[in-house]
Amino acid sequence: MRQYELMVILDPDLEERTVAPSLDQFLTVITKDGGSVDKVDIWGRRRLAHEISKKSDGIYAVIEMQAEPDTVKELDRQLNLTEAVLRTKVVRRDGK
Amino acid sequence: MAKPPLRKPKKKVCQFCKKNPQTIDYKDTTLLRKFVSDRGKIRARRVTGNCTQHQRDIAMAIKNSREMALMPYSSTAR
């Protein structure tokens, strides 16, 4: 089990209040495989420093969690398949 | 023959080594902004005075932060 921090940038056209439920839905993969989600921090709409797929805004969210490496890989794969997700980044919180 | 004036280099101490418990995080853009030029380029170690390890940490953090569009790859100031 390792500690991870995941940052996602979501499509700005999404309704702000639908963000939390849809994130929860993604994160069920983590809880189902025995991991735990420690903190979900939704930064809200922010201006991007440069365009990502022709969008100049994005909804940022930072998630802290504990999970197995394979589970995180699966979550990242699923996020990348989703069109509402512009970009993701997974960083290890412990050590390094 | 005029000798070039000797310039005495000021030895800077890496600011992250001085105060130990400071982690470099890619989300902390206010900190990272100090290490880029006004065009968005990463400042050299010569300029920042960081040690090898911390300069690398800073550079990695800036690059991560660029990927997440928190910092610009280049800004067309000027």
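In the order they appear, the protein sequences are chains A and B.
Sequential numbering from 33 applies to the first sequence in our numbering.
Sequential numbering from 1016 applies to the second sequence in our numbering.
C-beta: ideal position from N, C-alpha, C; glycine also.
The model shown is predicted, which means the values in this text are computed figures rather than measured ones.
query: Using CA coordinates, which residue listed in B:Ser1052, B:Ile1073, B:Thr1044, B:Thr1045 is at the minimum distance from Cys1032 of chain B?
result: Counting from 1 along the second sequence, the entry for residue 1032 of chain B is found at position 17. Minimum Cα distance to Cys1032 of chain B is reached at B:Ile1073.
query: Any idea what DSSP makes of Ala93 of chain A, helix, strand or coil?
result: For the purposes of this step, residue 93 of chain A is identified with residue 61 of the first sequence, where counting begins at 1. Note: Ala93 of chain A maps to strand in three-state DSSP.
Member of A:Ile62, A:Gly76, A:Arg77 whose CA lies at the smallest distance from the CA of Asp70 of chain A: In the first sequence, the residue the question calls residue 70 of chain A occupies position 38. It is A:Ile62.
field: Under 9 angstroms (Cβ pairs) to chain B, residues found in the segment 84 to 96 of chain A
entry: Ile84, Gly90, Tyr92, Val94
field: Contact set between the segment 1035 to 1069 of chain B and chain A, restricted to residues whose Cβ is under 8 angstroms from the partner
entry: Tyr1041, Lys1042
task: Could you tell me the boundaries of the alpha helix (DSSP H) in which Gln110 of chain A lies?
output: Counted from its first residue, the first sequence places residue 110 of chain A at position 78. Gln110 of chain A -> alpha helix (DSSP H) spans 101 to 113.
- request: Only counting runs of 3 or more residues, tell me where the beta strand (DSSP E) segments fall wholly within the segment 47 to 94 of chain A, in order along the chain.
  value: 68 to 84
- prompt: Excluding sequence positions up to five away, which residues of its chain have a Cβ less than 6 angstroms from the Cβ of Leu1085 of chain B?
  reply: Taking the first residue of the second sequence as position 1, residue 1085 of chain B is located at position 70. Once the five neighbours on either side are set aside, the close Cβ partners of Leu1085 of chain B are Thr1044.
field: Counted within 10 angstroms of its Cβ, other Cβ atoms place Leu1021 of chain B as buried (16 or more) or exposed
entry: By one-based count along the second sequence, residue 1021 of chain B stands at place 6. Its Cβ having fewer than 16 others within 10 Å, Leu1021 of chain B is exposed.
- request: Pair every Cβ in the segment 114 to 121 of chain A with every Cβ in the segment 82 to 96 of chain A, then say whether three or more of these pairs are closer than 8 angstroms.
  value: yes
task: Check Gln98 of chain A in the structure and name its three-state DSSP category.
output: What you label residue 98 of chain A is simply residue 66 of the first sequence in a count that begins at 1. Here Gln98 of chain A sits in strand by DSSP.
- prompt: Name the chain A residues that come within less than 8 angstroms of Pro1087 of chain B, Cβ to Cβ?
  reply: Here residue 1087 of chain B corresponds to residue number 72 of the second sequence, with the count starting at 1. Simply Ala81, His82.
DSSP state of Lys1078 of chain B mapped onto helix, strand, coil: Along the second sequence, read from residue 1 onward, the residue named residue 1078 of chain B stands at position 63. The answer is helix: DSSP assigns Lys1078 of chain B an H, G or I state.
query: Is it right to say Ser1052 of chain B is buried, meaning 16 or more other beta carbons lie within 10 angstroms of its own, or is it exposed?
result: In the second sequence, the residue the question calls residue 1052 of chain B occupies position 37. Classification for Ser1052 of chain B: exposed.
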